[in-house]
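Written out below as structure tokens is the structure these notes cover.
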Amino acid sequence: MVVEVNNVSLKIKNQILLENISLKMERGRIYGLVGRNGSGKTVLMKCICGFMHPTEGEIIVNEKIIGKDCDFPEQTGVVIETPEFLPYRSGYQNLKILADLKRKIGKDEIEAVMRLVGLDPKLRRPVRKYSLGMRQRLGLAQAVMEEPQLLVLDEPMNGLDKEGVADMRKYLLQLKKQGKTILIASHSSEDIAVLCDEVHELEHGRLADYEQQKRG
């Protein structure tokens with residue numbers, strides 16, 4: 003099992019953000035999170051990545067307890083909310099700076115992943131002049147460039163045009179075939195239908211029976 007969320011709750015002051023969440027994620031599958039704004043999707047993703055810590059329960063990623071055995075799960079790529087980059091550097095320069103931290107990949111791999119997500123690695127335009135869609139593509143490139151086994155993607159299609167959405171869906175399905183595990187939150191029912199093997203709905207921080215509601 004790649005991810006195990008075991009009876010996780012998160013309460014901040016008097017506000018319950020997550021309540022008794024349990025789910026499991028296997029290798030080579032795409033999992034969807036759906037729900038209204040404020041339902042807990044992003045909070046759950048942040049807990050899985052170690053950015054927030056549950057007040058009850060535990061999250062295990064690749065057999066390591068988040069917040070105990072590690073602060074951030076290894077081999078994980080993340081796009082949560084709008085990706086942040088150095089505004090006065092180009093997309094390539096931003097990825098190169100990040101890649102140099104671990105020294106796992108070099109120039110060729112960075113250029114290749116930028117082309118895969120539909121960006122020109124030779125473009126010198128600073129990121130501050132990127133459209134929202136271009137920033138989303140760059141965020142995905144950053145998330146996948148070191149070939150992580152787990153991807154946590156919060157609204158990755160946000161800001162993409164119709165062609166960009168089609169390209170992104172195709173790419174995510176390719177990653178699934180490579181054995182990656184992907185968790186995606188989306189407001190698009192079409193994205194969820196096309197991509198996901200299993201879907202979980204959050205409602206006021208609790209898991210709802212998505213499939214039953216969908217059939218009803």
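Just so we're aligned, residue 3 is where the sequence shown starts under this note's numbering, counting upward by one.
Where is the CB? At the ideal position from N, CA and C, for every residue including glycine.
Top-ranked residue by Cα proximity to residue i, from the options
i: Lys145; options: Asp122, Ile62, Ala101, Ser188; result: A quick correction: the sequence has Ala, not Lys, at residue 145. Of the listed residues, the one whose Cα sits closest to Ala145 is Ala101.
i: Arg29; options: Glu200, Phe87, Ile67; result: Glu200
i: Tyr90; options: Ile99, Gln77, Gly120, Arg130; result: Arg130
i: Gly207; options: Ser24, Glu6, Val4, Val5; result: Ser24
i: Leu222; options: Asn160, Thr183, Asn22; result: The requested residue 222 is not part of the displayed model; the chain covers only 3 to 218.
i: Glu1; options: Ser188, Met136, Gly52; result: The first residue shown for the chain is 3 and the last is 218, placing residue 1 beyond what the model contains.
Assigned exposure category for residue i - 16 Cβ within 10 Å defines buried
i: Lys43; result: buried
i: Ser92; result: buried
i: Ser133; result: exposed
i: Asp71; result: exposed
i: Gln15; result: Residue 15 is actually Lys in this sequence, not Gln. The residue is exposed, with fewer than 16 neighbouring Cβ atoms inside 10 Å.
i: Phe74; result: exposed
i: Glu76; result: exposed
i: Gly218; result: With a pLDDT of only 31 at Gly218, under 50, the local geometry of the prediction cannot be trusted, and no value is derived from it.
i: Leu153; result: buried
i: Met3; result: exposed
i: Asp193; result: buried
i: Asn9; result: exposed
i: Gly34; result: buried
Rounded separation between residue i and residue j - CA only
i: Thr57; j: Gly69; result: 11 Å
i: Ser2; j: Met54; result: Here the chain comprises residues numbered 3 to 218, so residue 2 is not present and cannot be evaluated.
i: Leu209; j: Asp110; result: 43 Å
i: Lys124; j: Gln138; result: 18 Å
i: Leu204; j: Arg105; result: 38 Å
i: Gln17; j: Ile50; result: 20 Å
i: Gln214; j: Leu46; result: Any reading at Gln214 must be qualified, since the residue scores a pLDDT of 38, below 50, and its modelled position is unreliable; the value itself is stated next. Near 22 Å, if we compare the C-alpha coordinates of Leu46 and Gln214.
i: Lys216; j: Gly40; result: Caution applies to Lys216, whose pLDDT of 42 falls short of 50 and renders its modelled position unreliable; the value that the coordinates give is listed next. Whole-angstrom Cα-Cα distance: 20 Å.
i: Glu1; j: Glu157; result: For the chain, the structure presents residues 3 to 218; residue 1 sits outside this window and is missing.
i: Ile67; j: Arg127; result: 41 Å
i: Val7; j: Gln151; result: 17 Å
i: Gly1; j: Leu20; result: Any property of residue 1 remains undetermined from this structure, which presents the chain solely from 3 to 218.
i: Lys26; j: His202; result: 11 Å
i: Glu165; j: Met159; result: 11 Å
Cβ of residue i within 7 Å of any chain C Cβ
i: Arg208; result: In summary, chain C is missing from the structure at hand, where a single protein chain is found.
Identify every run of the alpha helix (DSSP H) within the stretch 119-174, keeping only runs that are complete inside it and at least 4 residues long; order them along the chain.
134-146
Touching or not, the stretch 163-176 and the stretch 109-121, by the rule of three or more beta carbon pairs under 8 Å?
yes
I'd like to know if the stretch 74-86 and the stretch 138-158 are in contact, where contact means that at least 3 CB-CB pairs between them fall below 8 Å.
With a cut-off of 8 Å, the stretch 138-158 and the stretch 74-86 count as touching, because enough Cβ pairs lie within range.
Suppose only complete runs of 3+ residues qualify. What are the beta strand (DSSP E) ranges in the stretch 16-47, listed by chain order?
17-27, 32-36
Contained beta strand (DSSP E) runs [length at least 3] in the stretch 53-113, N- to C-terminal order
58-63, 78-81
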